[in-house]
Amino acid sequence: MALSEHDLVQLHEAGLAAALDAVLTIDQEGRLVDWNPAAEKTFGYTREEAVGQDMASLIIPPETRGVHLQGIARFLKTREARIVGRRVEVQAMRKGGETFPCEISFHPIELSAGMYFTAYLRDLTDFKKQGAEVQAAHEAQKKFVADAAHELRTPLTALKGNLDIFFRHSDLSGEEQQEILRDVHQEANRMSRLVQDMLTLARGDTGVDVSQLEVPLGELIHAVWGAFVGRHLRHQFHLGPVPEVTVMGNPDRLRQLLIILLDNATRYTEEGGTITLTANADSDHLSVEVKDTGVGIAQEDQQRVFERFYRVDPARSRSGDAGGSGLGLSIALWIVRTHRGRIELESTAQVGTTVKFTLPLEP
Numbered sequence: 001m002a003l004s005e006h007d008l009v010q011l012h013e014a015g016l017a018a019a020l021d022a023v024l025t026i027d028q029e030g031r032l033v034d035w036n037p038a039a040e041k042t043f044g045y046t047r048e049e050a051v052g053q054d055m056a057s058l059i060i061p062p063e064t065r066g067v068h069l070q071g072i073a074r075f076l077k078t079r080e081a082r083i084v085g086r087r088v089e090v091q092a093m094r095k096g097g098e099t100f101p102c103e104i105s106f107h108p109i110e111l112s113a114g115m116y117f118t119a120y121l122r123d124l125t126d127f128k129k130q131g132a133e134v135q136a137a138h139e140a141q142k143k144f145v146a147d148a149a150h151e152l153r154t155p156l157t158a159l160k161g162n163l164d165i166f167f168r169h170s171d172l173s174g175e176e177q178q179e180i181l182r183d184v185h186q187e188a189n190r191m192s193r194l195v196q197d198m199l200t201l202a203r204g205d206t207g208v209d210v211s212q213l214e215v216p217l218g219e220l221i222h223a224v225w226g227a228f229v230g231r232h233l234r235h236q237f238h239l240g241p242v243p244e245v246t247v248m249g250n251p252d253r254l255r256q257l258l259i260i261l262l263d264n265a266t267r268y269t270e271e272g273g274t275i276t277l278t279a280n281a282d283s284d285h286l287s288v289e290v291k292d293t294g295v296g297i298a299q300e301d302q303q304r305v306f307e308r309f310y311r312v313d314p315a316r317s318r319s320g321d322a323g324g325s326g327l328g329l330s331i332a333l334w335i336v337r338t339h340r341g342r343i344e345l346e347s348t349a350q351v352g353t354t355v356k357f358t359l360p361l362e363p
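Just so you know, the numbering used here puts the end of the sequence shown at 363, numbered straight through with nothing missing.
In C-alpha cells form, the structure reads like this:
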C-alpha cells in the first residue's frame, strides 16, 4: 500500500525526532528552517528560538564564521562541493557561547523555492574526553612499565655481579661466600617485594574490586601494632587509645595500609626515635594518624610522595639508603581510595612526619 504524502511527512518528522544527532536545515540565505530535538539538546536553543535565525550567528564560533559563509556562497555560485556530502570535524558553539568539537555533514537539495542544506551534527565532546582518558591511561602504563624495568634493573645487576664473583673465584673463603649469598638473598627479596607491589598496583589499575567485609578496625590496629613493634626494637613506640569501630573493607588491604605507614615511619626515624599511632572516631568517620620524629620531608617533595616510584633524597633514610620500592605510599593511596577514604601528609624537616587517613564507618 502506497503511503500518502501526509504519511511520508509524518514519517520524516518522526525520524528527525528520534535521531540522536542534531539535524537542522537552512535555506540559501543561511536561515534555519528546521531544528530537531537533538539539536535543542546539543546547542541549548529550543526550536522556537532557532527557526528563522541565521545559523552562522547562532552556532558557529566567530573565528570560523567567515569560512563557513564563503563556502556556502562558493557552492551557490559554482556548485563546487568541498565539504558537502563529507563528514568533517569543526568547532561549534552552544547557547552560552561555549565551543565544542563536532562532526558535521552538509547535504544540499534544490527545491522550487531555492537551495536548501540539511546538516547532521554529532557532538564529539564525550568521544574526545574518552579518547584523552584512554591516551592518558596508555601513557601512564608506558611510564609504569619503563619505571618498573628501571627499578628491576638495579637488583638484577647486583644479583648478576655477585653471582659472577661467586662463580669466577673458586678461592673465596667460606666467609666471603656467605657474604655474597647474603647479598644475593637480600636482592632477591627486594625484587620479590617490588614485583608484589607492582602487581598490587596493576590490579588496582584494572579496576579489580576490593572485597567488602565488616572489619573491626580497632582489633586490626592492635594486631598489626603488636606484631610490628615486636620486630622493631630500636625505636620507641606509643599507641594511643583506639576506638572499637567497624568499617567496610578488605582486612588484608587495611592491614597492608597500616604496615606501609609504620614501615615508612621507622625507615626514616633514627634509632631511639618515637613512632606514635593514634585513632579517633566520630559518628561517621574513623581517622588514624601515624606520626614519627624522623628527619621529615622537604616541602618540594611532599606533593610527590604518593607518585609511583618517587623517592625523596636517600639521605633521609636512617641507613642512607631509602631501600623501599618507591611504591608504598602509592599503594597506601590506592587502598584508601578504594575504601572511599582520604589520606594526607604533613611534614617538617628535622621534626618529623604525620600521615593521616580517614575512612567512613559502617552505618
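Built from N, CA and C at the ideal position, the CB exists for glycine as well.
*In DSSP terms, what Leu213 is bridged to*: For Leu213, which the question treats as bridged, DSSP gives the partners Gly249.
*Cα-Cα, which of Ala349, Gly296 and Ile331 is closest to Ala202?*
Distance from the Cα of Ala202 is smallest, within the candidate group Ala349, Gly296 and Ile331, for Ile331.
*Just how far apart, CA to CA, sit Arg122 and Gln130?*
Separation of Arg122 and Gln130 (C-alpha to C-alpha, rounded to the nearest whole angstrom) is 15 Å.
*asked:* What does the Cβ neighbour count give for Ser173, buried or exposed, with the cut at 16 atoms within 10 Å?
replied: Counting Cβ neighbours within 10 Å, Ser173 comes out exposed, since fewer than 16 surround it.
*asked:* Does Ala298 pass the burial test, meaning 16 or more other C-beta atoms within 10 Å, or should it be called exposed?
replied: With fewer than 16 other Cβ atoms within 10 Å, it is exposed.
*asked:* I want to know whether the stretch 175–189 touches the stretch 131–140 - three or more CB-CB distances under 8 Å.
replied: Under the Cβ criterion (8 Å, minimum of three pairs), the stretch 175–189 does not count as touching the stretch 131–140.
*According to DSSP, is Gly66 helix, strand or coil?*
In this structure, Gly66 counts as helix in the three-state DSSP scheme.
*asked:* Considering only DSSP beta bridges, list what Gln236 is partnered with.
replied: DSSP output for Gln236 lists Thr274 as bridge partner(s).
_Own chain residues within Cβ distance below 6 Å of Thr42, not counting five before or after_ = The answer, listed in chain order, is Ala22 and Asp123.
_Please state the DSSP three-state secondary structure of Asn264._
Helix.
*Would Pro281 pass as a contact of Val245 if the rule is Cβ separation under 7 Å?*
The sequence shown places Ala at residue 281, rather than the Pro named in the question. For Ala281 and Val245, yes; Cβs fall inside 7 Å.
*Taking Pro216 as the reference, which of Arg190, Pro360, Leu181 and Leu194 has the closest Cα?*
With distances taken between Cα atoms, Pro216 lies closest to Pro360.
*Three-state secondary structure (DSSP) at Asp7?*
For Asp7, the predicted structure reports a pLDDT of 42, less than 50, and the residue's modelled location is therefore unreliable. A value from the coordinates is still provided. Secondary structure at Asp7: helix, using DSSP grouped into helix, strand and coil.
*asked:* Quick check on this structure: which residue in Leu329, Arg79 and Thr354 has the alpha carbon closest to the alpha carbon of Phe117?
replied: For the residues Leu329, Arg79 and Thr354, the minimum Cα distance to Phe117 belongs to Arg79.
_When Ile59, Thr358 and Glu49 are compared against Glu285, the one with the closest alpha-carbon_ = In the sequence under discussion, the amino acid at residue 285 is His, which differs from the Glu named in the question. Ranking the options by Cα distance to His285, first place goes to Thr358.
*Member of Ile165, Gln236, Ser287 and Pro61 whose CA lies at the smallest distance from the CA of Glu270*: For the options Ile165, Gln236, Ser287 and Pro61, the alpha carbon positioned closest to that of Glu270 is the one of Gln236.
*Where do the ends of the alpha helix (DSSP H) carrying Gln302 lie?*
Element bounds for Gln302: Gln299 to Gln302.
*Which first and last residues belong to the beta strand (DSSP E) in which Lys356 is found?*
Unbroken beta strand (DSSP E) run through Lys356: Gly352 to Pro360.
*Can you tell which of His222, Arg255 and Leu152 has the C-alpha that lies nearest to the C-alpha of His339?*
His339 has its Cα closest to that of Arg255, out of His222, Arg255 and Leu152.
*CB-CB under 6 Å to Ile335, same chain, minus the five flanking residues each way: which ones, in chain order?*
Arg253 and Leu257.
*Of the choices Leu233, Ala56 and Pro37, whose alpha-carbon is the least far from that of Arg65?*
Minimum Cα-Cα distance from Arg65 among the listed residues Leu233, Ala56 and Pro37 corresponds to Ala56.
_Using the Cβ count rule (16 or more neighbours within 10 Å means buried), how would you classify Arg337?_
Arg337 comes out exposed.
*With a threshold of 16 other CB atoms inside 10 Å of the CB of His364, please say whether the residue is buried or exposed.*
Missing from the structure shown is residue 364; the chain here goes from 1 to 363 and no further.
_Reduced DSSP secondary structure (H/G/I, E/B, other) of Gln28_ = The answer is coil: DSSP assigns Gln28 none of H, G, I, E or B.
*Roughly how many whole angstroms lie between the Cα atoms of Asp263 and Thr99?*
Straight-line Cα distance between these residues: approximately 50 Å.
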